[in-house]
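Participant: According to our numbering, the sequence shown is numbered sequentially starting from 24. What follows is a structure written as structure tokens; I'll ask about it next.
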Amino acid sequence: MSNNYAIGIDLGGTNLRVALVSREGSIVRKTRRPSPEGVVSSLCEAIAEIGCEGIAGIGIGVAGVINREKNIVSVSPNQRAVEGVPMVAELRSRFGVPVFIENDANAAALGEKNSGSGRELENFVLLTLGTGIGGGIIYKGELLQISAEIGHMSINAEAEKCECGNIGCLENYASARAMVARTVALIEKGTESILKECCKGNIYKLTPEDIYKAALDGDAAAREILKDAGKYLGVGLANIINIMSPEAIILTGGLTGAWNIYVQEAIKEASRRAFKDLFDSVKIIPSALGDDAGTIGAACLVFRNIAMDAAAS
Ligand SMILES: [Zn+2]
């Protein structure tokens with residue numbers, strides 16, 4: 024094996040994904056496990072399982088704000104276990120190759136630019152719609168290495184507190200966690216829904232998939248929850264469109280499975296709110312790489328950063 028391969032890691036709030044990826048962005052081997060408590064030892068185990076002989080380096084995509092001087096995650100509201108962990112330094116000394124870290128949605132944007140829905144695009148915004156909401160921005164063909172915490176844009180000036188310390192953040196209304204919390208609150212208040220019988224009656228185990236299935240089965244409460252979350256996502260999309268006027272917004276993450284209700288409602292709401300010309304020139308499209316965008320993007324980060332370092336020296 025030559026240095027035409029890299030390890031890409033996607034360390035999310037729910038899953039740890041690790042893949043061996045070629046320079047062209049194809050996955051050779053991959054593995055997935057629940058996100059660990061002991062971050063570094065789990066990363067090492069997963070890398071050993073995949074095999075890493077002769078790789079160019081390791082790229083880590085992780086939810087949270089990256090401190091680029093210290094090469095650590097400084098804050099991660101949905102994943103406190105990764106805050107301050109010296110993953111880069113430890114993997115570098117363990118495997119003896121260059122190791123790079125990036126926000127997970129930024130990595131996914133790089134993956135989509137390299138070999139997904141963004142391949143032909145110069146300017147786009149990627150949103151990860153899952154437990155939380157993340158953002159990554161490609162501008163003039165390049166990843167903007169900024170925090171792009173789109174899920175924490177304020178959309179309500181007076182509301183409940185977010186995990187990040189702000190109030191009224193987009194992800195408090197439009198994320199999977201928000202949808203589930205709203206469903207539980209409605210059922211606890213006595214709202215009629217077939218979701219009451221879900222998970223053997225344990226409503227605290229409900230997932231967004233359960234809500235989507237119930238909506239497709241005609242459950243009014245489930246439909247309302249998805250449409251409402253979609254409406255708030257649409258507020259976020261309109262803000263992005265008005266500020267950035269991207270060619271496209273690429274949506275990825277588990278919630279895109281509810282495209283026909285949740286995303287359609289978001290697109291409708293964005294069309295009502297954004298400048299008409301700007302809305303008419305943006306495509307709102309699904310990710311082509313799906314769950315693999317993060318690992319492919321993290322591996323792309325390795326090749327990109329090594330090439331940039333070589334060009335600079
Ligand atoms: Zn927030």
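Where a beta carbon is used, it is the ideal one built from N, C-alpha and C, also for glycine.
Hey, Leu39 and Val51 are a contact pair by Cβ (cut 8 Å); roughly how many whole angstroms apart?
Facilitator: About 18 Å; that fails the 8 Å criterion.
Participant: Grab the span of the alpha helix (DSSP H) containing Asn129 for me, first residue to last.
Facilitator: 127-138
Participant: Take Met24 and list the residues in its own chain whose beta-carbon comes closer than 6 Å to its own, dropping the five residues that flank it on each side.
Facilitator: Unreliable placement is indicated for Met24, whose pLDDT of 48 sits below 50; no coordinate value is reported for it.
Participant: With DSSP as the reference, identify every bridge partner of Cys192, one or two as the case may be.
Facilitator: Note: Cys192 sits in a beta bridge opposite Ser177.
Participant: Per DSSP, what kind of secondary structure is Val325 in: helix, strand or coil?
Facilitator: helix
Participant: Using DSSP bridges, identify the partner residues of Tyr162.
Facilitator: Glu165
Participant: Going straight from the alpha carbon of Ser170 to that of Gly224, what length do you get?
Facilitator: For the pair Ser170 and Gly224, the Cα-to-Cα distance works out to about 40 Å.
Participant: Starting from the Cα of Val122, find the closest Cα among Glu72, Val63, Leu150 and give me that residue.
Facilitator: Val63
Participant: For the candidate residues Glu47, Asn101, Ile81, Gly313, whose alpha-carbon lies nearest to that of Ile329?
Facilitator: Checked all of Glu47, Asn101, Ile81, Gly313; the closest Cα to Ile329 is Ile81.
Participant: Taking 7 Å as the cut-off, is the C-beta of Glu186 nearer than that to any heavy atom in ligand 1?
Facilitator: yes
Participant: Tell me, which residues are paired with Ile272 by DSSP?
Facilitator: Val148, Ile307
Participant: Skipping 5 residues on each side, what residues in its chain have a beta carbon closer than 6 Å to that of Thr318?
Facilitator: Gly31, Asp33, Arg40, Ala42
Participant: Return yes when at least one heavy atom of ligand 1 lies under 7 Å from the C-beta of Glu194, else no.
Facilitator: Yes - ligand 1 has a heavy atom lying nearer than 7 Å to the Cβ of Glu194.
Participant: When DSSP labels each residue in this structure, what does Met24 get in the three-state scheme?
Facilitator: Note that Met24 scores 48 on pLDDT, short of 50, meaning its location in the model is unreliable; the coordinates nonetheless yield the value given after this. Residue state, collapsed to three classes: coil.
Participant: Considering only their Cβ atoms, is the gap separating Asn195 from Glu183 smaller than 8 Å?
Facilitator: yes
Participant: Are Asp233 and Cys221 touching if we call contact CB-CB under 8 Å?
Facilitator: yes
Participant: Report yes if the C-beta of Asn189 is less than 7 Å from at least one heavy atom of ligand 1; otherwise report no.
Facilitator: yes
Participant: Out of curiosity, what's the CA-to-CA distance linking Met267 and Leu144?
Facilitator: 14 Å
Participant: Tell me where the beta strand (DSSP E) around Ser97 begins and ends.
Facilitator: From DSSP, the beta strand (DSSP E) with Ser97 extends over 95-98.
Participant: Taking C-alpha atoms, which residue in Lys299, Pro59, Ile70 lies nearest to Gln102?
Facilitator: For the residues Lys299, Pro59, Ile70, the minimum Cα distance to Gln102 belongs to Pro59.
Participant: Can you tell me which of Ala293, Glu92, Ile290, Thr275 puts its alpha carbon nearest to the alpha carbon of Gly159?
Facilitator: Thr275
Participant: DSSP three-state label for Asp314, please.
Facilitator: helix
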